[in-house]
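Everything on this sheet refers to the single structure shown next.
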Amino acid sequence: MPLQTIQTHIPAGFIDLGVGDPQFDLLPLQLLRDAAQDRLSQSDNSFLQYGAEQGDGYFRAALADFLSPRYGFPVSYEELFVTSGISGGLDLLCTLFTKPGDTIFVEEPSYFLALRIFADHGLRVVSIRTDENGLVSEELIEALKIHRPKFLYIIPTFQNPSGHTLSEERRAQIVSIAQERGFLILADEVYQFLSYTLIPPKPFGAYINSEHVISLNTFSKILAPGLRLGWLQTHASLMQKIVSCGVLDSGGGMNPFTSAIVRSVIETGGLEKNIDRLVSVFSTRVNVMDECLRQHLPDARFTTPHGGYFFWVNLPGIDAQALQTRARTHQVGLRPGIRFSSQNGLQDYFRLSISFYDSDQIEEGIIRLKRSVS
Numbered sequence: 014m015p016l017q018t019i020q021t022h023i024p025a026g027f028i029d030l031g032v033g034d035p036q037f038d039l040l041p042l043q044l045l046r047d048a049a050q051d052r053l054s055q056s057d058n059s060f061l062q063y064g065a066e067q068g069d070g071y072f073r074a075a076l077a078d079f080l081s082p083r084y085g086f087p088v089s090y091e092e093l094f095v096t097s098g099i100s101g102g103l104d105l106l107c108t109l110f111t112k113p114g115d116t117i118f119v120e121e122p123s124y125f126l127a128l129r130i131f132a133d134h135g136l137r138v139v140s141i142r143t144d145e146n147g148l149v150s151e152e153l154i155e156a157l158k159i160h161r162p163k164f165l166y167i168i169p170t171f172q173n174p175s176g177h178t179l180s181e182e183r184r185a186q187i188v189s190i191a192q193e194r195g196f197l198i199l200a201d202e203v204y205q206f207l208s209y210t211l212i213p214p215k216p217f218g219a220y221i222n223s224e225h226v227i228s229l230n231t232f233s234k235i236l237a238p239g240l241r242l243g244w245l246q247t248h249a250s251l252m253q254k255i256v257s258c259g260v261l262d263s264g265g266g267m268n269p270f271t272s273a274i275v276r277s278v279i280e281t282g283g284l285e286k287n288i289d290r291l292v293s294v295f296s297t298r299v300n301v302m303d304e305c306l307r308q309h310l311p312d313a314r315f316t317t318p319h320g321g322y323f324f325w326v327n328l329p330g331i332d333a334q335a336l337q338t339r340a341r342t343h344q345v346g347l348r349p350g351i352r353f354s355s356q357n358g359l360q361d362y363f364r365l366s367i368s369f370y371d372s373d374q375i376e377e378g379i380i381r382l383k384r385s386v387s
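As structure tokens, this is what we get:
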């Protein structure tokens, strides 16, 4: 029996439309092989040493050059800190900026595995309602009459699971509120580059001069999750607390070896080409899932996502957890909405993903789901 190497195991013949992993065929092995060969063929071996606390300066400079034209504003390497991905970044920020028992705000719905990280730190989670334009700022103001959060965690662009994007007007409002009331904004911008039919607003990195914003991003969705490499962007006043923490003092900066390889991917134009390929593939899959849902589940309510991975589907009167159980007997998977709620709500919602299966498998999965509903 082969030993386990990956996190998600899906039985043969099963179509798990709930899984949010990238398809194996989309993981750019040759691109990374070439980048590794390029870096390893050079005489500089400094990336094998303990790394600078903030991350490899040459990597951060290459990343800043990549981000600036795509973000629409100048990004400095001094604003960037190398992480082991958004999950690792969130865990580090919780360690540095909270203590057990502190209150934080999240969206309703929110990314369920981030909720697990917050639970690990003993944080009290209060959810704020969202609509098609993202987090409702009036609801945030009302919650602040009762609570004093350490931070607000949001996924502002092509949100997981709803697919909605926070409007530019609300982004500015929320930053202003954070400044006034003294809490941080942790913006998980993982899907910023996976835009299909809508150009999203500028990321929260545009607001770091407020000194209340930390923008997090990752290579997991635009290159490969196994790299465990990402970055955060913030003001120098917050950066100082991050780079002076004990874990970096002991172990040095995160992932200098991987950073060196991804630097080659960026500098050779490979990252931009890979993103273009992903956008092309996923755009087609969005159209296929949209058409299949309308054809096979006509009672379903959903908004076709303009980017990202997910369809957030509502079937009124249907318990999504019970549907998940029935769906398994038809060899198809989904993620029930209650997992994305910190209030045990959203029970007639479920999440479907376009990331792991090609168009034919998506269509077959929706047909199996139709049988589960009938």
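Residue 14 is where the sequence shown starts when you use the working numbering, and the numbers rise one by one after that. We put the beta carbon where it would ideally sit given N, CA and C, even for glycine. Please read all numbers here as calculations on a predicted model, not as lab measurements.
- With a beta-carbon spacing of about 6 Å, R381 and Q344 fall inside the 8 Å limit used to define contacts.
- If you draw a 10 Å sphere on the C-beta of Q172, you find 16 or more other C-beta atoms in it, and that means buried.
- Between R194 and L157, the C-beta gap is smaller than 7 Å, which places the two residues in contact.
- As a beta-bridge residue in DSSP terms, L148 pairs with T143.
- Contact annotation: S385 and A313 have beta-carbon atoms that are not nearer than 7 Å.
- Taking C-beta atoms as the reference points, L153 and I168 fail to come closer than 7 Å.
- Scanning V275, I255, L251 for the CA closest to the CA of G239 turns up V275.
- Counting only residues of its own chain and dropping the five nearest sequence neighbours on each side, E280 has a CB closer than 8 Å to the CB of A75.
- Per DSSP, reduced to three states, the secondary structure at D371 is coil, with no helix or strand assignment.
- Assignment of V88 by DSSP, reduced to helix, strand and coil, places it in the coil class.
- Secondary structure in the region 224-273: the alpha helix (DSSP H) runs of 4 residues or longer, each lying completely within the stretch, are 249-256, 259-264 in chain order.
- Setting aside the 5 residues that flank it on each side, Y124 is surrounded in the same chain by I168, N173, P174, D201, F353, each with a C-beta closer than 8 Å to its C-beta; the list follows chain order.
- Secondary structure of N173 (DSSP, three-state): coil.
- Taking C-alpha positions only, R83 is separated from L207 by approximately 12 Å.
- Shown here, F131 sits in a helix according to DSSP, grouped into three states.
- Counting only runs that start and end inside the region 99-131, the beta strand (DSSP E) elements of at least 3 residues fall at 116-121.
- Straight-line spacing of the CA atoms in V278 and V138 works out to 38 Å.
- With contacts defined as CB atoms closer than 7 Å, G31 and L347 qualify as a contacting pair.
- Contact fails between the region 286-304 and the region 250-262, because fewer than three Cβ pairs, one in each stretch, are under 8 Å apart.
- Contact between W244 and V95 holds, with the beta-carbon distance rounding to 6 Å and staying under 8 Å.
- Of the candidates G259, E181, E151, the residue whose Cα lies closest to the Cα of T170 is E181.
- Between A65 and P269, the alpha-carbon positions lie close to 8 Å from each other.
- Counting C-beta atoms within 10 angstroms of its own C-beta, L53 has fewer than 16 neighbours from the protein chains shown and is therefore classed as exposed.
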